[in-house]
Amino acid sequence: MSVNKVILVGRLGRDPEVRYTSAGQPVANFSMATDETYKDRTGERQKRTEWHKIVVWGKQAEIAQKYLRKGSLIYLEGRIQSREYTDRDQNKRTSFEIVCNNFRMLGGRGDGAAPSGGAAADETEAAAPAAADEFGHGQEVSDEDIPF
28 MSVNKVILVG
38 RLGRDPEVRY
48 TSAGQPVANF
58 SMATDETYKD
68 RTGERQKRTE
78 WHKIVVWGKQ
88 AEIAQKYLRK
98 GSLIYLEGRI
108 QSREYTDRDQ
118 NKRTSFEIVC
128 NNFRMLGGRG
138 DGAAPSGGAA
148 ADETEAAAPA
158 AADEFGHGQE
168 VSDEDIPF
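The numbering used here applies: residue 28 is where the sequence shown begins, and numbers increase by one.
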């Protein structure tokens, strides 16, 4: 038996870019950053950022394009996939990506992401009621409020 499962919580490094296969299947690509904080040998706190290539297929790709923006905080589940290719100099290379099968947006509406209209986060929060915060306090959210 084997398991290939990845769970990440992090922020988008860029807006999702959606393309369509020749069969009309949507596929979204974006980068995601996760941070790790640790103490080095001298006892000083260090922070390391790891970047991940994310691929999302189907309906979730379209949802990602519509609702996710650079800086959005998300919870993501998926699997690691390797891809081999030949670079311009004819060297064999291997690239690793996370194929996402499920994601959830975390944080409020103005949390690190500008809305698609380009308004500032402050304007968005004033115009629309804020979603519940990370700890589940605040305004009640119904199933109709969730775009998934």
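Idealized CB from N, CA, C, for every residue including glycine. All figures in this text were calculated on a predicted structure; none of them were measured in a lab.
For residue 69 and residue 79, the gap between their C-alpha atoms comes out near 29 angstroms. Within the stretch 59–94, the complete alpha helix (DSSP H) segments at least 4 residues long are 86–94, listed from N- to C-terminus.
Membership of residue 119 in the beta strand (DSSP E) is indicated by the continuous run 119–132. Of the candidates 62, 72, 59 and 103, 103 places its Cα closest to the Cα of residue 128. Classified as exposed, residue 122 has fewer than 16 neighbouring CB atoms from the shown chains inside 10 Å of its CB. Residue 49 has its alpha-carbon roughly 43 angstroms from the corresponding atom of residue 64.
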